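See structure below.
Chains as they are written, first to last, in the working numbering: chain A, 76 to 466; chain B, 26 to 249.
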């Protein structure tokens, strides 16, 4: 029997009862649609969450500098990190235990009715800090290299620290007292995207910070371009402290692919089962209808046997009919699924992520379902004795 | 002398029961090429069993059945299927046309399972339809044909592939007298062209037109 004849007979068999064939296909359509939507939306959503992380976490590298016999990182060394390709900004920071809880007040008047002393953290940083924490100057300015070099007694307050100290305007050059020393407030730093705890701190230039034990760099904040974090995490320690890079601790963002896999895994497990269940229901539907069709077409089977069809020809025809039914369901289901994904993405303003392989596999899966569902009915048809079938 | 188309020797068919039912008991029959034979008998006489056996649709319990000189009883299922498809044309009482396929497609169906080339199948089917004078109904669905036209379409299908034997089971059972005459005229024509025809019937009108008449009673065959 020529394969094209087989195909003709199977297609004609399906088209002879178009409504029934369409309804039979429906089960597979629903199953495949669910599967495609599940996998597609999971991939899209997974990608989406990673996309949000990208903005902050995926570009943030922090290098912790532990205490050592000699300073591992000098204030000037940060300049070498800034020159690395892929670094957007970098800043050094000094923290010390003895400066973590210092008494700070905004005037020297003893007022028994008010609490004027605030216990605040005092830190030293280089002039690059606002860029490194992705903040902005709410008032005034940050200190620059000139302030640092001259050892000017200036201070920048974090947003919350300024509010606690009651400093809202800088036009009268307010001062704060750390212990007994007075400092001019030249700016208020706010809207921090990373290292948000700095909003409650008092920031000093390194030269001044020495008085409070803030002489050595304890942390370097680095912002990288997208995708450069991994590379910078390897290069920055070498640039900061050549020869001692192993002593520095690098905190780099988690690999984005892992985040994606985790999201997909969660969503998939649930909905995959749903899709597979609908697929099984679809298969049972095909099996049922094909069986009914076989019973209805007993006379046709008999005629075909009389015309010289072997059992395998009869089996092949019914198998092909159910396979085509399943495959049609797969094609329609995949198309429907893709439409749903695109619709969801349009509604959510997401970028649809479609696996081309998935779109190609769906019809194959549908055909497989149809093939399996058709096995039993096809065997029943093939086993029929021609005499019985023609009676 | 050439091989007869059908040669039955002591052909017996038993159905398992207690005691076993002998539908055919030691039947001997010889049908030559271009014979036109009618098999008559009351219902339950073994007519259908004989037709099924002659059509290789059923196996005899014992005996020998040579079709075109080929011993078919010992053949395997697939070989019998091939012979059935290539050497026997069936004509049924209920026509057995596929209702959703055109007349032409129904006729072409006869070659789907054979070894014939796909090319030229349409032309061969058209020639078969010409032989039964149905060329004007080629694209009709069977449901729109009269009973006689349907049976002629079925005969055209049976003629595809030039079978050695035309096996007809009550071919006029569903037809009125006018259509019966037309079909019987067609049989006469085909026989004149050298076709071997075996007709099973209980209608005297049909059996009277045949050259030979064989009566079957309780599985025993007698030539009249």
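The C-beta atom is built at its ideal place from N, Cα and C for all residues, glycine as well.
Note that the coordinates shown come from a computational prediction; the quantities given were computed from them, not determined experimentally.
Residue-level contact by beta carbon fails for residue 30 of chain B and chain A, as no gap is shorter than 7 Å.
Looking only at A:413, A:142 and A:209, the smallest Cα-Cα distance to residue 171 of chain A is reached by A:142. At a Cβ-Cβ threshold of 7 Å, residue 259 of chain A and residue 274 of chain A do not count as neighbours.
Against residue 378 of chain A, the close residues of chain B are 121, in the order they occur along the chain (beta-carbon pairs closer than 7 Å). Contact annotation, residue 106 of chain A with residue 408 of chain A: C-beta distance approximately 7 Å; criterion of less than 8 Å satisfied. Interface annotation for the region 64-90 of chain B against chain A: 77, 80, 82 and 83, criterion Cβ-Cβ distance under 8 Å.
Minimum Cα-Cα distance from residue 445 of chain A among the listed residues A:377, A:362 and A:367 corresponds to A:362. By the beta-carbon neighbour count (other beta carbons within 10 angstroms, threshold 16), residue 161 of chain B is exposed. Residue 357 of chain A has no beta-bridge partner at all, per DSSP. Residue 62 of chain B is bridged by DSSP to B:223 and B:237. For a cut-off of 8 Å, the C-beta gap from residue 80 of chain A to residue 137 of chain B is around 5 Å, short enough to register as a contact. Under a criterion of Cβ atoms nearer than 8 Å, the residues of chain B adjacent to residue 76 of chain A are, in order, 137 and 138. For residue 91 of chain B, the uninterrupted beta strand (DSSP E) run begins and ends at 87-92, by DSSP. Per DSSP, the unbroken beta strand (DSSP E) holding residue 297 of chain A starts and ends at 294-299. With a threshold of 7 Å between beta carbons, residue 367 of chain A makes no contact with chain B. Residues of the same chain with a CB within less than 6 Å of the CB of residue 364 of chain A, apart from the 5 flanking positions on each side, are 99 in chain order. Closer than 7 Å at the C-beta level to chain A, one finds no residue of the region 147-167 of chain B. For residue 412 of chain A, the closest Cβ of chain B is not nearer than 7 Å. Shown in chain order are the members of the region 88-113 of chain B whose Cβ falls below 9 Å from a Cβ of chain A: 102, 103, 106, 107, 108, 109, 110, 111 and 113. For residue 462 of chain A, the C-beta contacts it makes with chain B under 8 Å involve 77, 82 and 83, in order along the chain. Sequence-distant Cβ neighbours of residue 241 of chain B in its own chain, meaning closer than 7 Å and more than five residues away, are 64, 66, 70, 71, 72 and 75. Note that the C-beta distance between residue 441 of chain A and residue 401 of chain A is below 7 Å. Those residues of the region 85-111 of chain A placed with their C-beta closer than 7 Å to a C-beta in chain B are 87 and 91, ordered along the chain.
Residue 256 of chain A has A:253 as its beta-bridge partners, per DSSP. Within the region 217-240 of chain B, no residue places its CB atom closer than 9 Å to a CB of chain A. Residue environment for residue 178 of chain A: exposed (fewer than 16 other C-beta atoms within 10 angstroms of its C-beta). Taking a beta-carbon distance threshold of 7 Å, residue 454 of chain A does not count as an interface residue toward chain B. Here the alpha carbon of residue 120 of chain B sits roughly 35 Å from the alpha carbon of residue 404 of chain A.
Only buried fits residue 119 of chain A, as 16 or more other CB atoms lie within 10 angstroms of its CB. Put simply, the CB of residue 430 of chain A is far from chain B, with every gap to its CB atoms at 7 Å or more. Looking only at A:450, A:153 and A:286, the smallest Cα-Cα distance to residue 313 of chain A is reached by A:153.
Residue 353 of chain A sits buried, since 16 or more C-beta atoms from the chains shown fall within 10 Å of its C-beta. For residue 77 of chain A, the secondary structure class from DSSP, reduced to helix, strand or coil, is coil. The beta-carbon of residue 115 of chain B is placed less than 7 Å from the nearest beta-carbon of chain A. With respect to the C-alpha of residue 264 of chain A, the residue from A:233, A:385, A:242 and A:237 having the closest C-alpha is A:233.
In terms of beta-carbon proximity, residue 394 of chain A stays away from the interface with chain B, with every pair separated by 7 Å or more.
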